[in-house]
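K.L.:
I have a structure here, written as structure tokens, and I will follow up with some questions on it.
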Amino acid sequence: MPTPMDTGKRVGIAFLGCGYAADFYGPTLPNYPEIELLGAYDPASDRAKSFAAEYGGRVFGSMEEVLADPDVEIVVNLTPTTEHYSVNKAALSAGKHVYCEKPMTTSMAQARELAALAATRGLHLCSAPATVFSRSAQTLIRAVHGGVAGTPRLAYASLDMGPLAFMAYRDWRSSRGVPWPYREEVGNGCVLEHAGYLLTWLTAMFGPVVGMSAQTVTPFADQWEGVVDDVAPETSFGALRFADGTVCRLTIGWAAPADKSLLVVGDQGVLSVDDVWQASSPVMLRRRVHTSGRDTGYLAEPEQLPFVLPPLAHGYDDEAHDLTVAAGIADLARAVRSGGRPLLGAEYSLHILDVSLRLAAARSTEEYLDVPAPSATSLWGDRYRQPARISVPA
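Residue numbering for the sequence shown follows UniProt numbering, beginning at 1 and increasing consecutively.
Here you go:
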């Protein structure tokens, strides 16, 4: 989890894009004293003005002005998805580190180009989501790595948000009154918008994905007629195999009733989190107990594991979105100052994007991943250095 730096010099950041998502970042920035918010730019100047009035910093007159400011070291890219590639490229070309809202791009070719540009210029390129830094995620990850439930064998992971087509999504507003960009979100689809929330947790626990199969469905396509031109998947079913041998059933969607749970089955017990979108969702353990005769109840009563991190002091005024979004920026800021590597760096983020794109396209292949599995990151240590190979059962 990001902590204040010892150097004393804060890292200057600026936002490009001040829409709906900006109100998830802004309220949590005070948790991270290593960050100094210098300002923001949005083509809709009223949004930039309200963002600066609410969270601090100044209003920049253009993107070029942001990129020309020597005090801005990190650009936080919250522009529409269609602009992510061009804005990321411009920022990197201007010598700025980049933290981009997910997805980084919608093309692996573009993502690889951006990663290569960042590497050539000695810069960091990171991508959301950052919920892997939450106290729930960190507690679960450490429990898995510590063998609390034995060796993990199986995981069930769900991020079903509820039947979006039947919700009042046109009325959703952020704390500053910015409408939820439903056309963009529905156009991108549930996988590109939400898969990363679980994939970051899963890969942090089990290592990179080395095999997968997938299927997507759009059960309520008729409900989106006249809303978006092309309806992206509403639900994705994936079967993922990870470097440590764990297999996961992954469901991402916004068609079925809400289910945001994660279950890890080990040979000595079961770990679970009821809601991965809540930074302080309890991590529960049910230990394996001896059984005899026809007794099928092999698990003890659930016990809550102590959190490994304290709660954050600053959050949203919204119980539905207790997410640690700004933690990724803070982690990048620490890497900028220390010369280290951010946990959500380019290699890791490209792996998450690659798997997400395969899930969205329902691709089941027997080929090397477009992006080799990340090696020797801070999340994984030296345990998962082998290149990932897709191997799908017939």
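All C-beta atoms in this analysis are idealised placements derived from N, C-alpha and C, irrespective of residue type, glycine included.
Within 10 angstroms of the Cβ of K96, are there 16 or more other Cβ atoms? Answer buried if so, exposed if not.
P.N.:
Buried.
K.L.:
Only counting the same chain, and skipping five residues up and downstream in sequence, which positions put a Cβ closer than 7 Å to that of W224?
P.N.:
A165, V186, V231
K.L.:
Tell me which same chain residues have a C-beta within less than 7 Å of the C-beta of E193, skipping the five on either side of it?
P.N.:
Cβ contact annotation for E193 (same chain, cutoff 7 Å, sequence separation greater than five): E185, in chain order.
K.L.:
Can you tell me which of the three DSSP states F307 falls into?
P.N.:
In the structure shown, F307 falls within a coil segment according to DSSP collapsed to helix, strand and coil.
K.L.:
Taking C-alpha atoms, which residue in S272, A111, C18 lies nearest to S349?
P.N.:
If we check each option's Cα against that of S349, A111 comes out closest.
K.L.:
Once you ignore the five residues that flank R183 on each side, which residues in its own chain have a CB closer than 8 Å to its CB?
P.N.:
V227, V228
K.L.:
Rounded to the nearest angstrom, how far is the Cβ of G266 from that of A149, given a contact under 8 Å?
P.N.:
3 Å
K.L.:
Taking the alpha-carbon of R287 as reference, which of G19, D354, S272, W277 has the nearest alpha-carbon?
P.N.:
S272
K.L.:
For A52 and A68, I'd like the C-alpha separation in whole angstroms.
P.N.:
One C-alpha to the other measures close to 19 Å.
K.L.:
Is Q110 helix, strand or coil when you go by DSSP?
P.N.:
helix
K.L.:
Taking buried to mean at least 16 other C-beta atoms within 10 Å of its own C-beta, is K102 buried or exposed?
P.N.:
buried
K.L.:
Sort N188, M205, L263, E303 by Cα distance to W254 and report the nearest one.
P.N.:
N188
K.L.:
Mind checking who H97 pairs with in its DSSP beta bridge?
P.N.:
Beta-bridge partners assigned by DSSP to H97: I74.
K.L.:
Do A335 and A118 have their CB atoms nearer than 8 Å?
P.N.:
No.
K.L.:
Going by alpha carbons, who is nearest to V72 out of Y85, S107, T82, A91?
P.N.:
A91
K.L.:
How about T139 and V276: do their beta carbons lie closer than 8 Å?
P.N.:
no
K.L.:
In chain order, what residues of the same chain lie with their CB nearer than 6 Å to the CB of S93, ignoring the 5 residues before and after it?
P.N.:
none
K.L.:
Once you ignore the five residues that flank R383 on each side, which residues in its own chain have a CB closer than 6 Å to its CB?
P.N.:
Below a pLDDT of 50, predicted positions are generally treated as unreliable, and R383, at 44, falls in that range; no measurement from the model is reported.
K.L.:
Given a cut-off of 8 Å on the beta-carbon distance, is the pair E34 and A333 in contact?
P.N.:
yes
K.L.:
For V132, which of helix, strand or coil comes out of DSSP?
P.N.:
V132 falls in the helix class under three-state DSSP.
K.L.:
Could you check if Q215 is buried or exposed, using at least 16 other CB atoms within 10 Å of its CB as the buried criterion?
P.N.:
exposed
K.L.:
On the three-state DSSP scale, how would you describe R389?
P.N.:
Residue placement at R389 cannot be trusted, given a pLDDT of 33 that sits under 50; what the coordinates show is reported in the next sentence. In this structure, R389 counts as strand in the three-state DSSP scheme.
K.L.:
Would the stretch 322-329 and the stretch 122-129 be scored as touching if the rule is three or more Cβ pairs under 8 Å?
P.N.:
yes
K.L.:
For the beta strand (DSSP E) holding C248, just list the boundary residues, first then last.
P.N.:
247-253
K.L.:
For T291, which residues in the same chain have their Cβ closer than 8 Å to its Cβ, ignoring the five residues on either side in sequence?
P.N.:
G297, Y298
K.L.:
Determine whether the beta carbon atoms of G252 and L159 lie at a separation below 8 Å.
P.N.:
Just to set this straight, residue 252 is Ile in the shown sequence, not Gly. Yes. Within cutoff.
K.L.:
Applying the criterion that 16 or more other CB atoms from any shown protein chain within 10 Å of the CB defines a buried residue, is R170 buried or exposed?
P.N.:
exposed
K.L.:
Please report the distance separating the alpha-carbon of residue 403 from that of P181.
P.N.:
A question about residue 403 goes unanswered here, because the residues of the chain that appear run from 1 up to 394.
K.L.:
Using DSSP's beta-bridge definition, name the partner residues of K89.
P.N.:
Partner(s): none; K89 has no beta bridge.
K.L.:
What residue from E113, P310, A44, A40 has the CA that sits closest to R77's CA?
P.N.:
Sequence check: residue 77 is Asn here, not Arg. Residue nearest to N77 within the set E113, P310, A44, A40 is A40 (criterion: CA-CA distance).
K.L.:
If you follow the alpha helix (DSSP H) that M205 is part of, which residue opens it and which one closes it?
P.N.:
190-206
K.L.:
Give every residue of the same chain whose Cβ lies closer than 7 Å to the Cβ of S356, excluding the five residues on either side of it in the sequence, and list them in chain order.
P.N.:
P103, V191, L192, A195, G196, L199
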